[in-house]
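So the sequence shown is residues -25 to -1, 1 to 289, counted in mature numbering (1 follows the signal peptide of the UniProt record, and there is no 0).
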Amino acid sequence: MLRRAATMLVVVASAMWVAPAPVLAVEPSDWQPVFSESFDDSGALPPGCAAYDGVSDGTSDGVAEGGAGGASASYFRPEAVTVSGGKLHLALHRRAYGGKAFVTGELRCLGAAQQFGRYEFLARVPLGAGISSIAMLRPVDQQVAQHTSQLEITAQPGEEKALVRNGSGAGTSVRTLPGPFSDWHSYAIEWSPAGFKVFVDGKERVADPAVSTAQRWFGFAVTTSGSATPGTSTALPAEFQIDFLRVYALAPGSSLPAVAAQPSTVTNAVPGTPRGHRWSLWLAVAATVMAAVALFVLVVHKTRPHRPPPSHRA
C-alpha cells in the first residue's frame, strides 16, 4: 500500500513538473516579448507605466472627423486609473476639476519607449455618445503632430467605429473602421519597418506602408471625443477596461526589412514574464517537494527491516 501511494506521488509530481507553463498566446514571428501584464496585482500599474495627471497636452485628444478635440473638456487624474479584478480600469467621470467638466484616465508607458513594436491587448470600450477609448503611440521627443499614431474607438449606440491615425513624420493618414466594437475584443497594433498595421480579433483591418522611425511610447486613455462631450443620455462614470497587455520588440534576425532599430527601454520589467502568473513557479516548487517526499517514502520503505507475516513467525 505504501509503495503504491509513493508511486502515485511520483507520477503526479512528474506530470506537474513536465507540464508546460500556461502560454498567453502564440508568439508572433519577427517579434520577441518584452513584457506581459495581466493586471492580477490589485493597485499595481504595469512596470514602466504611470497615470498621467494634467490637462490635455495633445497626446490623447479624441479628434473625431471634423471635430476639434474633445479631450480639451477633460482633466486627466491618477485616481481615474486603477487596477482591480484582474483588469486595468480607465474611468470617465462627470466631475469638474481644474476648470474642466470631466475627469478622465490615461496610462502612459514612458518606460516602454522603443523603435518599432507590437502591442496586443484585450479590451472593452464603454458605450455612450461623446466617449473615446484610445490606444496610442507617442514620440519620446513630443513631436506629436509628425509621429503620432493611435487607435480611437467610439461606441455610440447605433454608430460604433474606430479611427486609425498613423503619423509617419511626413504626414498622417486616417482610416475609419466600422464596428461593432462593444463587448470584449482583442486588438494588436504592429509598428514595424514594413509599415503600420491594426488587427481586431486576429483579423488585419489596416495596413499602411508609411511608418515612423522615431522612438515612441505606448499608452491607453479614455476621454471625451470629437467636438461633442457626453450628454445626459450617456451614463457616467464609464470605464475603458483592459484585460491584458503584451509588448514585443523587433527580434534580431527578423525577416522584416533591415533598419537600425533601437531596442526597448522598458524599466523594471522581466522580459516575457507576465506578472500575475507567478503560480507556475509555485507549481514547479510544489512538484519538486512532492517528488522529494515520494523519494523519501520509497527510500524508507526499501531500507527499513521487513517483518515476516504472522503466518511465518515461530
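Each residue gets a CB set at the ideal place from its N, CA and C atoms; glycine is no exception. Remember, predicted model here, so these are calculated numbers, not experimental data.
Residue i vs residue j beta-carbon contact at 7 Å
i, j, result
"L102", "V197", "no"
"L126", "A110", "yes"
"G92", "W166", "yes"
"T209", "A104", "yes"
"V222", "Y94", "yes"
"I217", "L20", "no"
"A189", "W6", "no"
"V100", "F215", "yes"
"G23", "A87", "yes"
"G144", "H122", "yes"
Residue i (DSSP reduced to helix, strand or coil)
i, result
"P53", "helix"
"S230", "coil"
"Q121", "helix"
"S47", "helix"
"V245", "Only weak support exists for where V245 lies, its pLDDT of 36 falling under 50; the value from the coordinates is given anyway. Residue state, collapsed to three classes: coil."
"C84", "strand"
"T207", "coil"
"A236", "Because A236 carries a pLDDT of 41, less than 50, the predicted location of this residue cannot be relied on, and no value is offered for it."
"S59", "strand"
"A163", "strand"
"L152", "strand"
Per DSSP, the bridge partner or partners of residue i
i, result
"D183", "F171"
"Y27", "DSSP lists no partner for Y27."
"S13", "S13 pairs with nothing; no bridge assigned."
"P8", "Y223"
"L126", "A110 and V139"
For residue i, the first and last residue of its enclosing beta strand (DSSP E)
i, result
"R69", "Run containing R69: none; DSSP gives neither H nor E here."
"A145", "Premise fails: A145 is in no beta strand (DSSP E) and is neither H nor E."
"Q216", "A213 to L225"
"F195", "R191 to T199"
"L112", "I106 to P114"
"L97", "G92 to R99"
"T188", "Note, T188: premise wrong, no beta strand (DSSP E); not H, not E."
"F77", "F77 to T79"
Test: residue i CB closer than 7 Å to a CB of chain D
i, result
"S4", "Protein chain content of the structure displayed is limited to a single chain, and chain D is not contained in it."
| request: Check whether the stretch 69 to 89 touches the stretch 46 to 53, taking contact to mean three or more Cβ pairs, one atom from each stretch, closer than 8 Å. | output: yes
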